[in-house]
Every structure is written in C-alpha cells, then in structure tokens.
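Heads up, the thing below is written out as structure tokens.
Number of protein chains: 2
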Amino acid sequence: MKTYAKQNFPVSEARRYLEPGPVVLVSSHHKGASNIMTMGWHTVMEFTPALIGCVIAEGNHSFGMIRNSRQCTINVPTVDIAKTVVDIGNCSGADTDKFEKFGLTPVAGAQVTAPLISQCPVSLECVLTDTTLVKKYNFFVFEVVAAHAAKTPRYPRTIHYQGDGQFMVAGREMSLRKRFKPEML
Amino acid sequence: MKTYAKQNFPVSEARRYLEPGPVVLVSSHHKGASNIMTMGWHTVMEFTPALIGCVIAEGNHSFGMIRNSRQCTINVPTVDIAKTVVDIGNCSGADTDKFEKFGLTPVAGAQVTAPLISQCPVSLECVLTDTTLVKKYNFFVFEVVAAHAAKTPRYPRTIHYQGDGQFMVAGREMSLRKRFKPEML
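Next comes the structure, spelled out in structure tokens:
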C-alpha cells in the first residue's frame, strides 16, 4: 500500500477534508497499545478552535482507549484501501493488533501519542475536549491540535458510507466560488 | 427545476442519505413564515431513535425559527440545483422569502409544519430533542420522525462542501457488502 509524506496545514482548514463526509480511520493509543477503528458518524463543529464531533459506539474497543487517553488521530483514507477500511471495521482491537494485521504504518504525531497512519493522505491529531454527551449518545467533541496532509492528491478520492455495505466514491470537483459573498467563503 | 414525488421510508434508514455527508437544505416554519438555510455540518447520531446532530450558527435567521418552533425538515439536494443551494446560503431569511425567490415548492409534511422541498429527492421531518450543546456550540440534536425519498434516483448525485466555494460531486457506487460481518451491516 502506498504511503504518503505529509506536511502541516492550519487546523482551521481541517473542514476541507472532513466536511464532505468521508469514512475515516481513528487511531488511539493507551497503556502501550495502539488501535484503529473505522468511523462514519462525524461532523465539523467549529473552525477556531477546530472542533470535530463524532459518535464512537461503546461496544468498540477504541471507546475506552480514547475516553481514557483523551486523544486520537483522525485519518482520511482513499478508495485505494477501501477493502482494508472495511476489514478494520469488522474486527476488534480487543484481540487484534490492527496495525500489524493490515500492514499499516504508525507514525508518531507532534501533539498526541495516538499514531498517524502513513497509508492515509490526511491525518488530524485530536484532543478530547468535551464529554458532555458521551453518556447519552456516545458523542465525543475533539479539538484538532495538529493537521497533516499530503500535497497530492489535492482532492483525495475518499469513500462515503451509505449503509448496507454500500459506498459512494468521491467524484468530480466543482467550484462555485464566484457565487459566494466574500464573507461566506 | 425538477420536482420529485416521494414515498415514505423507515426513519432508521435516514443514515443512507446523510452519512455520506452531503450539503443539505434545512427548512423551518415559525409564526407564519417559512425559511431555508444551507447546511454542511451534520452527523448521524443513532439509528433508533433516528438522531441527527448539526450545527446551526446563531447568525442564521433559521437559528431562532428552529430553536423556537423546535422542528425543521432536512432536504437533500442534488448537483442539478447546486447553484440554487449556494445562493440560498448567501442571502438571509430576515429580508428574503427564499421559497419564492428561488422558485422552490413547499410541500406539507406529515409530522411537522416546516415544509418539505419538492425539488429535493429526499426530505426528513425532524423534531428538536436535545439542546444541551446549543449554547456552547450551536449544536442541535434532532429526531427524524418521518422520512421521504423519491424512488429514483436510487443514489442521488449529491454535493459535498470542501470550503472556499469548492464542492465534490458524488461519484460512482461501490458495494463491499461481502466483506461485512452480518451484524455489522
């Protein structure tokens, strides 16, 4: 699998990659072990601080690791590793070292101990900032504290889950910039 | 603009249309007036009850209408009306009747007074169920109480916002159903 050299970019621009709604890989690290989960329920919540809200179901091995370590990384995979993304979501970190099993390369981040995934072109380092809705909805609010993306592809061909094993693959790009008021951009 | 005849479908399947992350049109109705806003920050939160979390910035005219009426509809537009979707987001309901200005057809819903938008192939009737994070993040939790979709297109060609006036248009479909454990579907 292809690996990506990534460069820092401003955390306030994390929305560029998350707002379109791709399936992401969330990595965690706690008590010497790392794990990965596949996640589809997330939303941008603010530019500055750069906030992301997401649902991590309590049944996931990652739930406790992230809640206790209070951090994770959110990595955006492309269609090239779609099968791996699905397989990661169909086994548990309770009995599997997913980095090893799927041949993924953990890379140290700058701000958190949860590893970045080298096979994803975009990785966001996140710190848990609000657990108000965790008990009721398994809803976590993270602040993106560092952001990294490969220079190419400029628009990663992400995958978007529709349920029932079905995915939409990111298609063509379209600019409607001229229709926006400057303050709305 | 094309209009769609829609049929009811189970609210627990609303994720099929929202989880891929499209830009949506949110309609509201309060004190005799209706409004529409363009929204990109939303996530599925639960299947049953069918919960959707989303950010509605306080500066939007829709903010007060939705907070006070405690309901809205979430409509999923396609690329065919992308310019209208952008234009809706670049004017305010404070001084504009957006249904009239943009030639959109309001249709009565079954459960809420906020109108469905006939030019969108998918419309979800929503009731506000949790305002815990409204003050801090403008984050609303809605329950989908009725769901309507056109039979075709089966996979609407949605648009996905990346910031800076740039959109990704939904591309090809891909099934990886065979790789899922039955309980993960």
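Chains A and B supply the protein sequences, listed in that same order. When the letters of the first sequence are read in order and numbered with numbering that gives the first Met the number 0, they come out as residues 0 to 184. When the letters of the second sequence are read in order and numbered with numbering that gives the first Met the number 0, they come out as residues 0 to 184. We treat Cβ as the ideally placed atom computed from N, Cα and C, and that holds for glycine.
Going by beta carbons, residue 142(A) and residue 121(A) fall outside the 8 Å limit.
Residue contact check for residue 0(A) against chain B: no CB pair falls below 8 Å.
Relative to the Cα of residue 163(B), the nearest Cα in the group 181(A), 10(A), 113(A), 24(A) belongs to 181(A).
Counting only runs of 4+ residues, the alpha helix (DSSP H) found wholly inside the region 67-101 of chain B occupies 81-88, 97-100, in chain order. Inter-segment contact for the region 94-107 of chain A and the region 23-37 of chain A is present: three or more beta-carbon pairs are separated by less than 8 Å.
Scanning the region 10-37 of chain A for uninterrupted alpha helix (DSSP H) segments of 4 residues or longer gives 14-17, listed from N- to C-terminal end. Using beta-carbon distances, residue 25(A) does not count as an interface residue toward chain B, since no partner is under 8 Å. Not flagged as an interface residue toward chain B: residue 101(A), since no C-beta distance is shorter than 8 Å. Distances from the CA of residue 177(B) to each of 144(A), 81(A), 53(A) were compared; the closest alpha carbon is that of 81(A).
Burial check for residue 174(A): the Cβ neighbour count within 10 Å stays below 16, so the residue is exposed.
Taking residue 156(A) as reference, the option from 31(A), 172(A), 4(A), 43(A) with the minimal CA-CA separation is 172(A). Look at the beta carbons and you see the region 35-55 of chain A touching the region 36-51 of chain B: at least three pairs across the two are nearer than 8 Å. Residue state for residue 105(B) is assigned as strand, using DSSP reduced to three classes.
Across the set 6(B), 15(B), 24(B), 18(B), the C-alpha of 24(B) shows the shortest separation from the C-alpha of residue 116(B). Using beta-carbon distances, residue 54(A) counts as an interface residue toward chain B, with a partner under 8 Å. Straight-line spacing of the CA atoms in residue 68(B) and residue 111(B) works out to 10 Å.
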